[in-house]
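In what follows, a single structure is set out as structure tokens and then discussed.
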Amino acid sequence: MGLMMEVRNLTTYYKTRMNERICSVDNVSFTLEDGKSLGIAGESGCGKSTLAMSVMGYYFPPLYYDSGNIIIDGKEITSLDPDVIRRTVLGSDIAYIPQAAMNALNPTRKVIHFIEDVLEAHDKGLSKAEIYDLARERFAVLNLPEKVLNQYAVELSGGMKQRTIIAISTILNPKVLIADEPSSALDVSSQKIVIKLLYDLMEKGFVRSMIFITHELPLLFNVTDDIMVMYAGEIVERGTAKEMVFDPIMPYSKGLMNSIIVPEEGTRGHVLMAIPGAPPNLKLKHLGCRFAERCRFADTECSKGTVGEQYGGAEGRTYRCHHKLEELFQLYEKDIPNLLDHNNGKINGAGDEKN
Ligand SMILES: Nc1ncnc2c1ncn2[C@@H]1O[C@H](COP(=O)(O)OP(=O)(O)OP(=O)(O)O)[C@@H](O)[C@H]1O
Ligand code: SF4
Ligand SMILES: [Mg+2]
């Protein structure tokens with residue numbers, strides 16, 4: 009398995025009507041292996057969706073590209089003309105299921121027309137009958153009845169609509185599929201079905217690698233190989249799903265992981281910990297660690313210069329904090345009595361029956 013995607017020092021920003029710059033993706037670098045899935049977690053507003061849109065390489069106001077590289081399967085896409093990206097990259101090299109996709113389907117058009125749009129934009133020279141056959145095949149893989157092709161979005165249930173969106177987004181068999189909160193609007197059983205379908209598409213080779221964005225950390229733990237945590241436009245930690253859930257290093261990811269409300273099997277026993285305060289304003293330039301105002305371990309070092317990423321003790325494991333690993337573990341060890349105090353002496357899930 010080789011590298012499917014590499015993002016190097018990517019910076020993108022929103023320009024407001026007042027000409028202010030909101031830097032929602034700031035010097036972000038990461039890699040995605042062929043055949044692997046990567047989860048992105050973080051609080052609302054930390055830049056997850058902006059990162060997803062930015063790595064497509066196709067920008068329109070108010071989102072702008074500043075600097076950095078995006079390489080998909082060996083192809084550098086940031087240097088390509090936007091029209092070339094639209095015709096040859098979007099949908100086939102990389103496809104995106106947006107956060108609000110459920111409400112985005114034009115209610116006046118039949119489902120088959122959305123599929124025609126995607127295929128025709130890529131100029132595949134297919135006849136209407138060939139397009140219909142392709143759509144029917146993809147619908148069968150996703151357990152969608154053929155009749156849906158001739159229906160309007162308003163006629164579909166939530167789960168059916170989400171599967172239809174997945175069919176439209178993956179019709180060109182993308183190398184990388186980004187699913188942005190694909191299940192948050194659904195009930196729990198529909199969520200599980202949607203996630204399973206996405207992974208079936210990967211297993212069957214229709215999608216090579218996947219980036220999965222959600223607030224729900226227990227979901228990431230079960231479905232992704234690796235997890236990255238974002239905070240205020242930066243990646244603050246990365247590791248395998250198991251490492252990130254059981255041994256988060258950086259204080260913000262530790263707080264995020266420990267705030268899991270519905271414990272998955274094996275995550276019981278974590279101290280349930282709230283993160284006080286709110287993320288910083290992304291319009292401002294930041295000196296030092298962006299988490300400093302909310303971090304219980306902050307000291308004078310934290311507000312100096314740039315806090316870079318450090319090696320987290322295993323291959324591919326990184327975290328952003330000026331403390332060395334051993335120092336952080338010592339700080340956590342000393343802090344446990346305070347945490348217990350904070351939570352009235354209770355440890356999340358302790359003493360409960362196992363799921
Ligand atoms: N169109 C826009 N114009 C200006 N600023 C924007 C725009 N869209 C998002 N932002 C800002 O960019 C930052 C990152 O937003 P983004 O939607 O990427 O966060 P997110 O992590 O996906 O949040 P959520 O979990 O709520 O979906 C936020 O501060 C947000 O206010
Ligand atoms: S650099 Fe300082 S403020 Fe940032 S996470 Fe580490 S200890 Fe906390
Ligand atoms: Mg979002």
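Residue numbers (the working numbering): 9 to 363. All C-beta atoms in this analysis are idealised placements derived from N, C-alpha and C, irrespective of residue type, glycine included. None of these values were measured; they are calculated from a predicted model.
Beyond the five residues adjoining it in sequence on each side, L71 comes within less than 8 Å, by CB distance, of T20, Y21, Y22, T58, M61 and S62 in the same chain, given in chain order. Collapsing the DSSP output to three states places I102 in a strand. For Q318, the shortest separation between its Cβ and any heavy atom of ligand 3 does not lie below 7 Å. Counted as a single uninterrupted DSSP element, the stretch harbouring G296 is not any alpha helix (DSSP H), since DSSP gives it neither H nor E.
Non-local beta-carbon contacts of I179 in its own chain, meaning distances under 8 Å to residues more than five positions away in sequence, involve G99, I123, V126, L127, L142, A143 and R146 in chain order. Ranked by Cα distance from E301, the options H223, S87, A286 and S177 are led by A286. A240 places its beta carbon 8 Å or farther from that of P284. In the DSSP annotation of this structure, the continuous segment of the alpha helix (DSSP H) that includes E251 starts and ends at A249 to F254. Secondary structure of I257 (DSSP, three-state): coil. In this structure N111 is exposed. Its beta-carbon is surrounded by fewer than 16 other beta-carbon atoms within 10 angstroms. Rounded to whole angstroms, the separation of the alpha carbons of G263 and H331 is 16 Å. Residue state for C310 is assigned as helix, using DSSP reduced to three classes. Beta-bridge analysis with DSSP links E245 to V237 and Y327.
Relative to ligand 1, the beta carbon of S52 is positioned inside 7 Å of a heavy atom. In this structure, S45 lies away from N17, with their beta-carbon atoms at least 8 Å apart. Taking the C-beta atoms as reference points, A49 is found nearer than 8 Å to I235.
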